[in-house]
Amino acid sequence: MSADCKGFSSPDRPVPAARRVAGTLSGMGSTRRSRLGPSLIFQGGCGIRNDMGKKKDDQPAATADDFARLETSEADKAKARKWFERARELGEKRQFDYAIEYYVNGLEYWPDAVEEACKPLHGCAVARRQTGGKKPGLKDTMKRSLNDKDARKAYLNALWLFGHDPENLSYVEGVLKNACRLRADDAAKWAANVFLRALESSPKAGAKQFQTLARLTEELSDRAVQRGEPAFAVEVLETGVQSLNIWRRRFPKEDKADKAIKDLSTKLTILKGKYQDSETFRESIKDTEAQKDLHDEQRSVQAEDRFAELIAKAERAYAENPDDPAVLQKLIDLLCRREHDAEETKAIGILLERYKKTGEYRWKHSADDIRMKQLTRRRRELEKKGDAEAVKQHRIEQLRFELAVFRERVEQYPTDNRIKYEYAVRNFLAGRFDEAIPLFQTARADPRSRSACEMYLGRCFFRKGYHDQAIATLEEAIQHYEIQDDELAKSMRYWLGRALEAAGQLDRARKTYGQILQLDYNYADVRSRLEKLPA
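All residue numbers for the sequence shown refer to this note's numbering, where the first residue is 736 and numbers rise by one.
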């Protein structure tokens, strides 16, 4: 047995990971220490301040490394996947304590594995709580500090505690703070959304926690701006604005709330405007004096000029080491970074060639992901041009390709309910409701997509004319969905209203449409449908 597989010697006797998280991962390599110091928050024109908000005028000028994401090698990702796969199996057996331990162990190697580990860990945590799992005791909390000097260790400690008590606001906040310290920005974005939901639903949430969430999302947004990731920057900043709005509603006498909301909302508006109105975000900020603070212009120009050289160097390294996954991944990342079709197509060719040579499906998986991104980007370009017929034909082509991709992935990963969900959605979009329904019914076992599956099931029943089944499914979905005003909640109510209307239950349809108007006056065609209902 290889060293990487120790700890998996008996699939029916999982090794508790608690003794490894705080120290080393037995048999999986030594504990990796974070090389990152305290996180820096970029404030345009305001200098650099540390996590405590104190200005550091004597700090050296920020460099690109100060804003870089945490990088994980392919070798470490491979180690992490072994833990994640075993964790998934344990979760399916409802051995939630062990599953959480295994997810945490894998996250030490790959802290930013949101889809692979953070989300399913959250699902296990919720399921564990619902089945009567105990909260961490004093001994557990003493052993796992959320403020450890080692950011990676503190992050893992927070995840473990969160996994055993997902409603504890301090634990969710600990995950977010330490993901930010570690520069695991995808994990931090996920944690920010989880924290927002937790604060919104908790009557114990304090003003300081809403402010902390806003501050950390602003930090994430500023870092994303520096890296040239405007979409990410906008998304996390929106979470911060939502946090401040909830703070103001919850504490209407707080004088500071209005100013905080105004400042952050203004920043978000400017960011959105520059992102939408310019060909690239970096080009838009070159026209402002703030560019001097955000990035050294000459350096970014040099980086662009050297990009072809960097790709050539990566190609030479791959030619010399064709069997090294890390070398291949570096080349693929470079080819895809600028989102140029020609470079991405070259990356696809390399990946497919590697797949044919090795038979390892992950390479084809990556190639298909790149192609799907290309198709999505092309569709958006056509939509901007306003060519409805071209958009229609492109959607058909894209859907046909994605159906084939996810059909194949279901065959490759038959127990992965998340993939079944994606395949079910494509079948739904293609009007294949008989194929979609059983897939959604199976996929809803995954807590991450349960509510979305219920919504789509209701729509499938509605499209087939099974109005009673649609009503029952959507009513149950709404009852169990915790958030009442997000897009999914409004969609579930909309289709419930449609089903009630089609079933002749007009009074109930009227009431349901009215509830949607209270949340979003301009949602879909709700107003016109409500007005057309007979009195």
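Virtual Cβ for every residue (Gly too), placed ideally from N, Cα, C.
- In this structure, L955 is the residue among L955, G872, S937 and A940 with its C-alpha nearest to the C-alpha of K912.
- Between A933 and L972, the beta carbon gap of about 19 Å keeps them out of contact (Cβ cut-off 8 Å).
- Annotation: R1183 is outside any alpha helix (DSSP H) and is labelled neither H nor E by DSSP.
- Scanning the region 795-857 for uninterrupted beta strand (DSSP E) segments of 3 residues or longer gives nothing; none is fully contained.
- Secondary structure of Y1148 (DSSP, three-state): coil.
- When secondary structure is reduced to three states using DSSP, A1054 falls in the helix class.
- Comparing alpha carbon positions, the residue from N892, E1079, P965 and A886 closest to K874 is N892.
- Look at H1075 here: in three-state DSSP terms it is coil, with no helix or strand label.
- Burial is judged here by how many other beta carbons sit within 10 angstroms of a residue's own beta carbon; L1268 has fewer than 16 and is exposed.
- Taking D1103 as the centre and dropping the five residues before and after it, the same chain places the C-beta of V1140 closer than 6 Å to its C-beta, in chain order.
- Counting the other Cβ atoms within 10 Å of the Cβ of G1166 gives fewer than 16, which makes it exposed.
- Leaving aside the five residues that flank R1144 on each side, the residues in its chain whose CB is nearer than 6 Å to its CB run, in chain order, I1154.
- Across the set S808, R1115, N1152 and A1259, the C-alpha of S808 shows the shortest separation from the C-alpha of V1062.
- Linking H1202 to V1261 through their CA atoms gives a straight-line distance of about 19 Å.
- Within the same chain, and ignoring the five residues on either side of Q1204 in sequence, the residues whose Cβ sits closer than 6 Å to its Cβ are F1196.
- For F897, the enclosing alpha helix (DSSP H) covers residues A886 to H899.
- Note on geometry: alpha-carbon atoms of R1228 and E1217 lie some 14 Å from one another.
- A direct Cα-to-Cα measurement between R829 and S1186 gives close to 20 Å.
- Looking from the CA of A1259, the closest CA among G1232, A1237 and G1239 belongs to G1232.
- Annotation for F1163: A1171 and Y1191 place their beta carbon closer than 6 Å to its own, counting only its chain and skipping 5 residues before and after.
- Per DSSP, G1166 lies in no alpha helix (DSSP H) and is assigned neither H nor E.
- Of all alpha-carbon atoms in D1220, E1266, R950 and E1222, the one lying nearest the alpha-carbon of D1242 is that of E1266.
- Taking 7 Å as the cut-off, the beta carbon of Y844 is found closer than this to the beta carbon of K814.
- Cβ-Cβ separation between L951 and G898: approximately 21 Å, too far for a contact (criterion under 8 Å).
- Pairing Y838 with R821 gives a Cβ-Cβ distance that is not under 7 Å.
- Between Y906 and the set L894, L917 and C915, the nearest pair of CA atoms involves L894.
- For Y1201, the three-state secondary structure derived from DSSP is coil.
- Between the alpha carbons of I1213 and A1159 lies a distance of about 20 Å.
- In the displayed model, Y1258 falls within coil according to three-state DSSP, outside both helix and strand.
- Per DSSP, the continuous alpha helix (DSSP H) segment holding Q946 begins and ends at A942 to R962.
- Closest by C-alpha distance to L917, out of L1070, V929, N928 and A889, is A889.
- Relative to the Cα of G841, the nearest Cα in the group S1263, A852 and C915 belongs to A852.
- The residue from L896, I1131, R864 and D883 with its alpha-carbon nearest to that of G872 is L896.
- Leaving aside the five residues that flank T947 on each side, the residues in its chain whose CB is nearer than 7 Å to its CB run, in chain order, E908.
- In terms of CA proximity to C859, E902 leads the group D1122, E902, D883 and F1168.
- Between G975 and L1006, the C-beta spacing is not below 7 Å.
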